[in-house]
Each structure stands twice: as structure tokens, then as C-alpha cells.
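To start, the structure under review is shown below, and the notes come after it.
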Amino acid sequence: MSGPSSGCGFLMSVVVHGDLALSEQEKELNQRLRSLYPAVSDQETPLPRSWSPKDKFSYIGLSQNNLRVHYKGHGKTPKDAASVRATHSIPAACGVYYFEVKIISKGRDGYVKYMGIGLSAQGVNMNRLPGWDKHSYGYHGDDGHSFCSSGTGQPYGPTFTTGDVIGCCVNLINNTCFYTKNGHSLGIAFTDLPPNLYPTVGLQTPGEVVDANFGQHPFVFDIEDYMREWRTKIQAQIDCFPIGEREGEWQAMIQKMVASYLVHHSYCATAEAFAKSTDQAVHEELASIKNRQKIQKLVLSGRMGEAIETTQQLYPSLLERNSDLLFMLKVRQFIEMVNGTDSEVRCLGGRSPKSQDSYPGSPRLFNSPVHKASSSQTYQTSTYYIHKFFFSASIGKKNILQKSGLLHQKKTFLVPKSTCFLAAEVEMEVDHFSNGVSESSSNGFLNGSSTHGIDLEELDSAQSKRQLCGGSQAAIERMIQFGRELQSMSEHLRRERGKNSANKKMLKDAFSLLAYSDPWNSPVGYQLDSIQREPVCSTLNSAILETHNLPKQPPLALAVGQAAQCLSLMARTGSGSCAFASVDDYLH
Amino acid sequence: VMRYDFVLSFVTMQEVTATSRHYVDRLFDPDPQNVLQGVIDMKNAVIGNNRQKANLIVLGAVPRLLYLLQQSSSSLELRTECAVVLGSLAMGTENNIKSLVDCHIIPALLQGLLCSDLIFIEACLRCLRTVFISPVTPVQLLYTDPTVIPHLMSLLSLSQHTQEYITQIFAHCCKTPEHQTVLFNHGAIQNIAPLLISPSYKVRMQALKCFSVLAYENAQVSMTLVNVLVDGEQLSQVFVRMMQRDKPIEMQLTAAKCLTYMCRAGAIRTDDNCIVLKTLPCLVRMCSKERLLEERVEGAETLAYLMEPDIELQRIASVTDHLVSMLADYFKYPSSVSAITDIKRLDHDLKHAHELRQAAFKLYASLGSNDEDIRKKITETENMMDRIVSGLSESSIKVRLAAVRCLHSLSRSVQQLRTSFHDHAVWKPLMKLLQNAPDEVLVMASSTLCNLLLEFSPSKEPILESGVIELLCSLTQSDSPALRVNGIWALMNMAFQADQKVKVEIVQALGTEQLFRLLSDPDTNVLMKTLGLLRNLLSTRPDMSSHGKQIMQAVTLILEGEHSIEVKEQTLCILANIADGNTAKELIMTNDDMLQKIKYYMGHSNVKLQLAATFCISNLIWNEEDGSQERQDKLREMGFVDILHKLTQASDPNLCDRAKKAMQQYLA
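Just so you know, the sequences run in chain order D and B. Sequence positions in the first sequence follow the UniProt record's numbering and run 1 to 588. Sequence positions in the second sequence follow the UniProt record's numbering and run 1 to 668.
Here it is in C-alpha cells:
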């Protein structure tokens with residue numbers, strides 16, 4: 001009885017093949033949706049990906065991953081019309097949204113009435129074709145008319161039938177909609193569209209079948225080209241936005257922002273030169289800036305013990321008053337011990353100091369992209385880009401966003417150790433971030449480092465020979481001892497100040513490192529990444545600044561953060577133009 | 001004379017003249033250093049000052065500057081400054097340019113290009129560019145010296161500036177097929193193609209313009225262009241990228257022109273994606289209300305040209321972005337709003353109103369040239385027929401021509417002839433247009449009239465009554481073959497199934513002499529239509545008493561001459577029609593020569609001719625007519641029965657049928 005079994009095998013192989021195909025398709029869909037609608041947050045406002053099995057009339061049948069729609073009613077009268085909506089409404093952050101429907105069959109011959117393709121709001125009657133009711137819009141294949149919330153259509157485009165591909169494009173900037181037929185735009189069909197519309201298709205003839213393409217396949221119509229036009233329009237609008245009459249104040253304000261930014265991140269020599277050339281006062285003593293710089297460098301190079309010590313020395317009461325901060329620093333110190341980079345374990349181990357501890361991305365100080373996800377720090381995004389931006393922008397420009405767009409440089413960074421700063425030309429080119437080694441800096445003010453006696457080593461090929469605490473037994477013991485101290489400090493804190501889940505989690509994660517033979521390749525190994533020093537460094541820096549009554553955040557970062565917030569607010573309130581005005585585009 | 005004008009103009013000008021004279025005087029200073037400083041001061045004085053420019057020209061600065069520029073003893077710096085000042089003078093009014101050209105500035109500057117100093121060359125080129133792009137400069141001056149073009153080609157590699165200026169000169173000075181050939185032969189394509197990806201927008205743009213003027217109606221250039229690669233990419237793809245919607249409009253439009261011209265020259269198929277999905281939509285976008293009036297004009301004209309020969313493109317365009325109704329907007333200038341609110345805008349609108357209207361008519365004409373549904377859509381556009389009617393009598397010749405082209409395109413529709421054409425009495429302005437118009441308008445108008453005279457057209461009657469016959473007869477005497485064809489064609493249509501009265505009128509108005517002249521017309525179309533007219537005139541029992549002999553003569557002449565099958569077929573048909581009348585039968589039967597010819601054509605290898613000849617014989621032997629017995633006998637003697645018998649076996653069913661019917665006449 002080989003027949004049934006071979007049949008079964010065949011079926012299975014089909015299923016398996018189908019699954020593979022599905023995942024391929026899924027991947028392609030995700031990729032296409034991301035590139036089409038980069039401003040859409042899929043968690044907040046998911047994009048339509050298929051027809052909804054829950055939001056349809058009973059005469060509608062779905063198949064092929066809910067992308068194919070067929071009609072299973074009688075199709076005798078308009079009362080037999082049936083529609084289906086997509087799973088989600090169209091997010092405003094798309095800016096321009098597009099989907100296509102291919103007519104697989106226009107249904108049984110002799111039926112003169114057939115399908116409509118369009119949009120409808122949640123709750124519109126599904127026992128109807130799109131366009132017949134309020135908040136419902138459709139283009140009908142039998143007569144080529146458009147139906148704008150009305151039972152009577154207006155002459156709009158050509159009729160369509162089996163084999164045609166009909167596209168529907170919603171412009172969320174001017175709230176209009178146009179259709180395409182086989183890749184040709186048919187012109188505006190609807191204006192003044194309400195928000196939160198769902199892609200909708202309606203059928204009314206037995207045998208009617210249509211397939212949707214929400215991005216699963218390349219579109220017949222060149223929607224990217226249309227989007228390019230709108231992106232250019234929006235960006236021209238931004239560029240031409242009137243700044244106000246008092247241009248001089250703008251310049252002063254921008255100079256202030258730049259100066260405060262430099263001070264905040266302790267680029268003291270640069271800050272000094274900048275202040276001098278733009279005739280500004282610096283609101284913090286140079287010594288203080290240098291102190292902060294010193295501490296930051298220690299944190300970023302993983303020398304937490306020294307960092308804590310230096311902080312206690314320079315700002316005696318700071319950590320005493322802020323035990324949570326101290327705890328956080330200590331936890332980090334523990335991690336650096338595991339890493340083998342903390343000074344305490346380093347002097348114990350015979351290990352070459354040249355490993356792991358150099359920090360490859362010094363310009364990404366403080367607010368790392370990691371922080372992007374945490375909602376409490378929304379304003380701290382994109383520091384990386386701020387650095388990039390501000391060192392490629394020229395001084396005193398009328399409009400940061402506008403002018404920075406003019407300057408493109410792949411790698412333009414400030415090197416904290418020995419930086420060149422030319423008052424006349426702020427543009428600098430450095431081949432890569434190289435801590436301490438100034439490859440292309442030609443002249444200028446030394447930003448400290450070597451005089452501080454802190455050597456920031458080059459990244460080595462140490463990756464391959466990583467060992468716990470640098471491989472020294474003594475160091476491991478010291479680490480374990482330190483861990484115990486940390487444990488007791490945690491208990492002490494809990495007794496005094498009550499439970500703190502953040503602290504608890506922090507400690508737990510740090511200790512978890514010891515559960516793995518190779519902590520670097522463990523699920524908690526990310527903690528050992530030097531990028532994790534950034535939030536610690538940023539928090540410490542902000543705390544120090546606060547004690548001096550200086551802002552926790554540099555105004556420049558604040559402004560960028562506000563712009564980003566503004567855009568996400570626009571997305572939520574239905575202003576589609578936010579899609580084409582990403583802050584990152586302006587921070588080259 | 002110029003100085004005289006100048007003195008007359010203003011009293012206060014005397015002061016200005018004094019300072020201007022000072023500048024000119026310094027050009028003659030014996031110390032070269034002072035001359036140089038003088039030229040530099042002059043440069044600073046003339047920038048943006050048109051009056052100062054005019055003064056200096058009147059005071060004779062130009063010949064001196066040119067002299068200094070050409071002197072090899074002048075320092076390079078001085079020569080360069082001279083070129084810069086001349087360039088500045090050229091930036092003024094058209095009169096300035098005229099004066100400069102009259103002073104032979106062009107050969108002097110072209111000579112300067114032989115220098116090896118780049119700065120000097122660039123200054124010369126900048127000035128040449130400004131002179132050449134002026135409409136008052138004769139383009140031909142670029143081609144007078146055959147060494148100039150190759151030298152310009154060689155300068156293209158020097159700098160972005162030389163690239164920009166030279167391509168701009170080429171783009172403006174390539175106006176005829178001869179110019180295209182000269183530039184092509186000197187390697188324009190290979191030299192300019194790499195500039196399409198230049199980092200400078202200006203260079204890219206001017207290079208693109210060069211290709212659009214080079215490719216226009218030029219198959220050789222177009223065919224070469226499709227095979228050109230720029231940085232590994234096909235040129236057509238480079239053009240497609242330049243049409244992207246975020247590119248400047250000027251660039252999109254010019255790239256679309258390049259592809260359009262390449263397509264029309266046969267280098268790119270009309271169903272190629274770069275035409276269907278890119279060029280056509282791009283041009284439709286150029287017609288939208290968002291574009292500048294100039295862009296809308298160019299967009300519409302280019303689109304009309306692109307799709308003229310292709311029904312599929314016409315169909316696509318007709319549904320793209322509401323093009324048909326979008327064009328209706330072209331007729332709304334100057335808008336009523338602009339008249340009230342903004343005098344500047346009104347002026348702008350007025351300037352472009354004619355251009356817009358003619359462009360829209362052209363595009364409608366192109367859209368409706370083949371598809372009945374599109375024609376219907378066009379005539380149903382708001383006030384369309386009224387607009388055409390008023391367009392026919394506009395003062396602008398361009399608008400009139402375009403309007404009549406549009407009307408002609410729509411007149412190919414039986415439906416429209418029966419309805420909208422009649423409702424709007426379009427024949428009236430059309431007739432008026434025919435009275436007094438240049439040839440190109442006449443060709444279109446008379447061609448349209450031909451359609452209006454078709455027998456099912458309700459306009460035929462009123463046109464007849466308006467005394468059109470004289471007019472059409474005069475057209476048949478025109479020097480233009482197209483007009484002769486249309487004249488005789490219209491008469492032919494008019495004579496189709498017409499009253500005897502009309503036929504007599506036509507014959508009288510045309511005159512036999514003219515009729516025979518047309519029968520020996522060198523243009524086959526004219527001959528064909530004349531034969532058609534004869535056939536229509538003779539179709540109903542013609543009275544041959546008056547012209548019988550001449551017609552027989554003409555028929556003999558044509559049958560003996562070297563003519564196409566179609567002409568001979570038509571002639572035999574005429575003979576057959578003649579053979580239907582009594583007197584005519586005699587004429588044929590007594591003409592053995594003619595009978596031999598008929599016999600010959602019955603045995604011809606072409607079925608059409610066999611059929612026509614058989615038709616002829618069949619008429620001669622028809623039973624019910626007087627004297628049929630004698631004719632049957634005579635023709636039997638001549639062997640016609642045998643031939644007919646043979647033809648009953650013919651493979652062509654029509655011929656076979658016709659022969660059988662003829663045989664029956666003998667059997668009855």
C-alpha cells in the first residue's frame with residue numbers, strides 16, 4: 001500500500017514548501033514595508049498586511065494567507081454585496097500609502113455589476129460595496145465610476161476586469177486618494193479623506209476573485225517615485241520655512257547651543273576656542289570641565305574603580321547623597337571586573353592592558369542608541385548624530401537643520417584627546433574614531449588627555465582570547481569578593497530605602513554573567529559590550545552637572561529630542577508629512 | 001546713426017556720456033598697466049548697468065576691446081579682462097548683442113579659443129555663450145569655419161566651465177538636420193554623453209539639452225544613442241533616472257523630450273517600459289496645473305508628438321491623471337481672477353494664453369486621431385466644440401492651425417460628424433478659414449472639409465449651398481500636391497451619389513481641361529482621387545454626349561501608361577461605369593483598341609484588374625439593353641466567351657461569380 005503513504009509524503013512536502021515560501025514572502029513583506037514606510041512604528045500603528053477574517057461580510061471567503069478574496073453569495077441584487085477590510089487602518093506616519101489588487105476573475109458572465117476597490121472606516125457596513133456609505137470610498141470596475149460616500153458614482157476612470165491590476169494610493173499629507181490601473185495613475189479620485197481608513201474591497205458577483213498586494217510583491221505602479229516627489233516637497237517646505245526677522249539672534253542662539261554642547265561633553269579645548277571665536281562666555285569653569293572629562297574617560301575606558309574614586313575626590317558629597325547612582329557605578333565596576341578591564345583586577349592579573357578596554361566609539365558618549373528604547377529618556381536620542389552633525393555644520397548658520405543638509409561628510413568627528421579645532425572651518429575629517437591617536441589633526445588645542453596620565457589603548461585582537469577577569473586567579477577572587485560587597489550594599493540599600501526593582505534587576509543581570517563559562521557569548525553578554533558604558537557615563541555626567549546647577553541635558557540634544565518628539569506627535573495626530581521629515585536626515 | 005539717436009535721447013545723458021567716455025579713453029592709454037586698470041574699472045562699472053553698457057558700445061569701446069583682446073602683445077591678464085567686459089556687455093539688451101555681432105566679435109573670440117590659457121578660454125567661451133544663446137545672433141556663424149566645431153569638442157575635456165558653455169552653445173545652435181549632422185560627425189555623442197553624470201548640475205542639464213536637439217527627428221543620432229553606455233549604464237536608463245519625480249522639472253521635461261525623440265525616430269519601441277511607464281506619465285505630469293505655463297506648453301506639445309502614431313499610447317494617455325479634462329484648463333487663461341487682482345499675472349497669462357491653447361488643441365488632435373471612444377470623451381469635455389469653433393477664427397495663426405488639426409482629428413469620427421459637428425455648425429468657420437489662409441492651414445482645413453462632405457454628414461447640404469465648389473476647384477490648381485489632393489478628394493466625396501445637378505455643377509466648375517490636367521498629375525494620390533471623382537460622376541447613367549471622346553482618350557492613356565494596379569483598377573471601373581450608358585457603349589464597341597485592352601486585363605495576373613475588366617464586359621453584354629445581341633456577337637467573335645468560360649473556373653469566388661453571371665447573358 002504505497003499509494004496513500006506516498007500521497008501523504010507529497011502533501012507534507014507541499015506544506016513544508018508552503019511554509020518556506022511563506023517565510024520568504026514574510027521577509028520580503030517586512031523588508032518592503034520598512035523601506036516604504038520608515039517612519040511607521042509597527043508596535044504603535046501596525047501596517048495592513050492582509051485582509052481581516054474578522055472584519056468581513058459572510059459572503060466573503062478568504063484564502064492564501066488572507067490575501068485572496070472570493071465571493072460566495074448569490075449576487076442577485078445589490079443587497080448581496082459584500083466587503084472585507086484589511087487587518088489594520090493606514091497609519092498617518094506612512095505619509096503616502098499604497099496597495100494593489102489584482103483581478104483574478106471578474107466573476108460569472110452575464111453579471112454586469114461587479115467589484116469595488118477602496119477605503120472605509122472601522123464600523124462601516126460590510127454588506128455593501130466600498131463607496132456607498134459615509135466614510136467609505138470606492139472605484140468600481142463595472143462602470144469605472146468613483147463612489148465618494150454615496151450611492152451614485154461620478155465618472156472617474158476606465159472600467160477594469162480580469163487580469164487588471166488596480167492600485168489605491170492614499171496621500172496622508174493632503175488627504176487625497178488616487179487609483180492606478182496597470183501601473184498608470186488615473187488621477188485624484190477623492191479629497192478631504194478622514195483619518196484611519198482601512199483598505200477595503202467589495203464584491204457582488206459569484207466567481208469574483210481578487211488578490212491583494214500590501215507589499216508582498218513589487219508593485220506594478222512606481223510608488224517610490226511618487227513618494228520621492230513628496231519627500232522633496234516636504235523638505236523644500238522645511239528649507240523654506242521662515243525663520244523670523246531677527247536673524248542675528250538665531251546665529252547667537254545656535255552658537256550658544258553649540259558651546260553648551262561642547263561644555264556638556266567636556267570638550268574643553270574646543271569649547272574654549274569656540275567661545276573665543278564666537279565671543280561667548282562659558283558658564284562653567286575650565287577646571288570643572290576638565291574634571292568631568294577625566295571621569296568620563298575613566299568610565300568609558302572601563303576603569304570604574306578609578307572613576308568612582310576620582311568622583312569621590314572631586315565631588316565629595318555627590319555619591320554620598322546619591323546612593324542609587326553609586327550602586328549603579330559599582331555594578332558597572334563589577335561588570336568591568338568580569339571583563340577584566342577594571343583597574344583593580346587589572347593590576348592583579350598579568351594580563352596585557354591592551355585588550356577590551358579601549359573604547360572604540362568615543363564620540364558616542366553618554367546617550368547611546370540603547371537608550372532610544374527607554375521612554376524616560378526620549379530626549380536623549382541621537383547623540384551620536386549630534387556629534388556628527390555639529391562637527392560638520394558650519395558656525396553661525398541661520399538654520400541648523402537647513403544648513404547642515406548642505407554638508408555631507410562620511411566621517412567627521414571630534415577626537416577628544418588631541419583635537420584640532422579651527423575657528424574658521426569647523427569641518428574636520430578624521431579617518432575613523434581613534435582615541436588619542438590623532439591621525440589627521442594638524443594643529444590646535446590639545447584636549448588634555450596625555451597630561452591626565454590616562455592612556456587609552458588601541459583596540460587589539462584580544463577578542464579571541466577573552467578570559468574571566470583577564471585570566472588571573474587573584475583577580476577572580478577579588479571580583480567575587482567585590483560581588484559580595486555589592487550584594488551587601490544592595491541589602492543595605494533595600495533596608496534603608498525600600499525595594500528598588502531597577503537596582504535588583506541590575507544586580508541580577510550582572511551576577512548572571514558568572515553563570516556562563518563564556519560570559520561574552522552568553523544571553524547576558526551584552527553587558528560586557530563597551531557601548532554599555534555610555535548610559536552610565538551619561539548619568540554620572542548629568543549628576544555632576546546638576547550639582548553645579550547646570551542642565552542635565554545639553555540644549556542641542558534637547559532641541560533634537562524635541563524635534564523627534566514633535567514628529568511622533570504628528571504621526572499620532574494624523575499629519576502625514578512627518579513621514580518625510582526625519583530628524584536623522586538633517587543630522588549628517 | 002547710433003550716435004545721432006543717442007544725442008537725441010536725453011539731456012542728462014551728457015553727464016553719463018562724459019564718464020563713459022573717460023572709460024573708453026583709458027583704453028587708448030600708452031601705458032599698458034593703465035589700460036589694464038582701465039578695463040578692470042570698466043568691468044566694475046558695467047556690471048548690472050544696462051545704460052552704461054549701451055553708452056560704452058555707442059562710444060566705440062567694443063572694437064578697441066576686441067583689438068586689445070586679439071593683440072598678441074597684450075598681456076594674458078588684459079586679454080582675459082577684455083573678454084570678461086565683452087561678456088558683460090553681451091549680458092545687456094538685444095541691441096547690445098547686435099552691436100557686438102556687427103563688430104565681428106564671434107570670429108575674434110573663436111580665435112581666442114586657440115590660446116592655451118584656461119582662464120582666458122573660459123572667459124571667451126562665457127562671452128560666446130551669451131552671444132550665441134541670444135535670438136538675434138545668426139546660428140550659422142558657429143558653422144562658418146569648419147575647424148570650430150572640432151576645436152570646441154576638444155575643449156570639452158578642460159573644465160566644468162568649458163563643458164557648461166560649450167554644451168549650452170551646441171544646444172542653442174543645433175537647429176537644422178545639417179547642424180545635427182555636423183555635430184554628430186564630430187563626435188558630439190561620445191564627447192557629451194559622459195557629461196550626463198557630471199557633478200555639476202548645469203553641465204548635466206546642458207548636456208541633456210544637447211541630446212534633445214540632436215535626437216529630434218534624427219534617426220541616425222537616435223539609433224546611435226540607444227547603444228551608448230554612460231558609466232556602464234544605457235543612455236535610456238540615464239534619461240529615465242533624470243525623469244524621477246524628485247528631479248528638477250526642467251530636467252524631467254528635457255529627459256522626456258530625449259526619449260520621445262528617440263522613440264519617434266524609431267530607436268525605442270512605443271511599447272518599451274521606458275516610454276509607456278516613464279516618459280508618457282512624466283509628460284502628462286508636465287501638463288498639470290502645478291507646472292509653470294511654459295512647462296505645460298512644452299509638456300503638451302511633446303506628449304502630442306510622442307503618441308501621434310500610436311493608438312495604445314493614446315489610450316493610456318487618455319486615462320492618465322484626467323488628462324482630457326486637465327487640458328480644458330489650458331483655455332482658462334487669462335483667468336478672470338488674474339485680471340482683477342494682479343496686473344503682472346495678467347500680463348504673464350496673456351503672453352502664454354495663445355501658446356497654451358494651441359498646445360491643448362495639438363494634444364487633443366493627437367489623442368483623438370485613432371480611437372472613437374477618446375474622440376467622444378474629448379467632444380464631451382466642457383465647451384470643447386465651442387472652443388474649437390472660436391479657435392478657428394483666432395488671430396494667432398498657430399492657434400488656428402492647431403484648432404483645425406484638432407477638428408480634423410475629431411472629424412474622423414462618423415458619430416461626431418453626425419452629431420456635435422452638425423450641432424455646432426463647424427463648417428461655417430471652417431469655410432471662412434478656407435477663404436484666406438496660409439497653405440499649412442489650408443491643407444488641414446480642406447482635409448477636414450473632405451470628411452464633412454462625406455455622404456452621411458449632415459453638414460454636406462449646407463456646405464454645398466455655400467458655394468464651396470468654386471473654392472475646391474481652385475484648390476485643385478494649387479502648387480501644393482496636398483492641396484490638390486484635398487481639393488479633388490472633396491469634390492469626389494461631394495459627387496458620391498449626388499444629384500445630377502451637383503454633378504453638372506462640378507464638371508462645369510472644374511472644366512474638362514483641368515480634369516485632364518489632373519489625370520496626368522505627377523502625384524498618384526491626385527490621379528487616384530480624380531479617377532474616383534470621374535467614377536462618381538459617371539456612376540449613374542452618364543450622358544456621354546459632351547465629353548465622351550475625351551474621357552475615352554484619357555482612359556486609354558492611363559491604361560497604356562505606367563501606373564499602379566490601383567490606378568488601373570480605378571480606370572477599368574470607370575470604363576465599366578461608362579459601359580452602363582447607351583452612347584458610351586457605342587464608344588467602346590467601336591474602339592477595337594479598347595476592347596483588346598479589356599481582354600488583356602481579363603487575363604491579368606491581378607484579380608482586382610480581372611474583376612474590373614470582367615465587370616466592364618458584363619455591362620456591355622447585358623441582355624435588357626438595346627443592341628445587346630450585336631454586342632454579344634461581336635465580343636464572342638473576339639474570343640471573350642472563351643475567356644469568360646475560363647474565368648468561371650477561377651479560384652477567386654468574386655471573379656468566378658462575376659464571370660458566371662456574364663455567361664448567363666449569352667445563355668438567356
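A virtual CB, placed ideally from N, CA and C, is assigned to each residue, including glycine. In this text, all values refer to a predicted model and were calculated from it rather than measured experimentally.
Review point. Got a sec: is the Cβ-Cβ distance from B/P281 to anything in chain D below 8 Å?
Key: Interface with chain D (8 Å Cβ-Cβ cutoff): B/P281 is included.
Exercise for review: Tell me whether B/F421 is buried or exposed, calling it buried when 16 or more other Cβ atoms sit within 10 Å of its Cβ.
Suggested key: In the assembly as shown, B/F421 is a buried residue. Its beta-carbon has 16 or more other beta-carbons within 10 Å.
Review point. Does the beta-carbon of B/T448 have 16 or more other beta-carbons within 10 angstroms, so that it is buried, or is it exposed?
Key: buried
Check your understanding: Just curious, the alpha helix (DSSP H) that B/A255 is in, first and last residue?
Key -> I249 to R264
Point to revise | Cα-Cα separation, D/Y267 to D/Q565 | key: 27 Å
**Study point:** Extent of the continuous alpha helix (DSSP H) to which residue 671 of chain B belongs
**Key:** The question about residue 671 of chain B has no answer here: the residues shown for chain B are numbered 1 through 668.
Review point. What is the rounded straight-line gap between the Cα of B/D31 and the Cα of B/C115?
Key: 24 Å
Exercise for review: Find the residues of chain B that neighbour D/H140, judging by a C-beta separation of less than 9 Å, and give them in chain order.
Suggested key: By Cβ distance, chain B contributes nothing, its closest Cβ being about 15 Å from D/H140, past 9 Å.
Check your understanding: By how many angstroms is the C-alpha of D/A581 removed from the C-alpha of B/M385?
Key -> 47 Å
Point to revise | Extent of the continuous beta strand (DSSP E) run through D/I60 | key: For D/I60, the uninterrupted beta strand (DSSP E) run begins and ends at I60 to S63, by DSSP.
Point to revise | Terminal residues of the beta strand (DSSP E) in which B/R412 lies | key: Premise fails: B/R412 is in no beta strand (DSSP E) and is neither H nor E.
Check your understanding: Between B/Q664 and chain D, is there a C-beta pair that is closer than 8 Å?
Key -> no
Practice item. Under 9 Å between beta-carbons, which chain B residues line up against D/E100? List them in chain order, please. Key: Per Cβ cutoff of 9 Å: no residues; D/E100 is ~15 Å from chain B at best.
Exercise for review: Could you tell me if B/E470 is buried or exposed, where buried requires 16 or more neighbouring beta carbons within 10 angstroms of its beta carbon?
Suggested key: exposed
Point to revise | Environment of B/A18 [buried if 16+ CB atoms lie within 10 Å] | key: exposed
Practice item. Kindly indicate which three-state DSSP category D/R332 falls into: helix, strand or coil? Key: helix
Exercise for review: Can you tell me the Cβ-Cβ gap for B/C258 and B/I275, rounded? I've got them flagged as a contact below 8 Å.
Suggested key: The beta carbons of B/C258 and B/I275 sit about 12 Å from each other, so the pair does not count as a contact at 8 Å.
Check your understanding: Any idea what DSSP makes of D/V583, helix, strand or coil?
Key -> The three-state reading of DSSP puts D/V583 in helix, counting H, G and I together.
Exercise for review: For D/R497, count neighbouring Cβ atoms within 10 angstroms of its own Cβ and tell me buried if that reaches 16, exposed if not.
Suggested key: Under this definition D/R497 is an exposed residue.
**Study point:** C-alpha gap between B/F28 and B/K43, whole angstroms
**Key:** 16 Å
Review point. Does the Cβ-Cβ distance between B/T476 and B/Q514 come in under 8 Å?
Key: It is a contact, given that the beta carbons lie within the stated cut-off.
Point to revise | Cβ pair count under 8 Å reaching 3, the region 287-299 of chain D against the region 515-522 of chain D | key: no
**Study point:** Endpoints, the beta strand (DSSP E) within which D/H184 is located
**Key:** H184 to F190
Practice item. Only counting runs of 4 or more residues, tell me where the alpha helix (DSSP H) segments fall wholly within the region 42-116 of chain B, in order along the chain. Key: Correct list: 50-58, 61-70, 76-90, 94-102 and 105-112.
Review point. With a CB to CB cut of under 6 Å and the five nearest residues on each side skipped, what residues in its chain are close to D/R346?
Key: Residues of the same chain with a CB within less than 6 Å of the CB of D/R346, apart from the 5 flanking positions on each side, do not exist.
Review point. So which residues on chain D does B/R245 lean against when the C-beta distance must stay under 7 Å?
Key: D225, Y226, R228 and E229
Exercise for review: Excluding the 5 residues preceding and the 5 following B/L472 in the sequence, name in chain order all residues of the same chain whose CB lies nearer than 6 Å to its CB.
Suggested key: G487, A490 and L491
Review point. Can you find a C-beta in chain B that's less than 8 Å from the C-beta of residue 614 of chain D?
Key: In the structure as shown, chain D starts at 1 and stops at 588, and residue 614 of chain D therefore has no counterpart that could be examined.
Exercise for review: Taking D/E229 as the reference, give the member of D/E285, D/S577, D/V583 and D/D584 with the closest Cα.
Suggested key: Considering only D/E285, D/S577, D/V583 and D/D584, the residue with the shortest C-alpha distance to D/E229 is D/S577.
Check your understanding: Which term fits B/Q649, buried or exposed, when burial requires 16 or more other beta carbons within 10 angstroms of its beta carbon?
Key -> exposed
Check your understanding: With a cut-off of 8 Å, does the C-beta of B/V85 fall near any C-beta of chain D?
Key -> no
Check your understanding: When DSSP labels each residue in this structure, what does D/P53 get in the three-state scheme?
Key -> strand
Exercise for review: Determine the DSSP secondary structure at residue 610 of chain D, reduced to helix, strand or coil.
Suggested key: Lying before the first or after the last residue shown, residue 610 of chain D is absent from chain D, which here runs from 1 to 588.
Point to revise | Three-way DSSP call (helix, strand, coil) for D/G483 in this model | key: If DSSP states are grouped into helix, strand and coil, D/G483 belongs with the helices.
Check your understanding: So, is B/I506 buried or exposed, given that buried needs 16 or more other C-beta atoms within 10 angstroms?
Key -> buried
Review point. Is B/Q629 closer than 8 Å to residue 695 of chain B when the C-beta atoms are compared?
Key: Absent from the structure is residue 695 of chain B, since the part of chain B shown begins at 1 and ends at 668.
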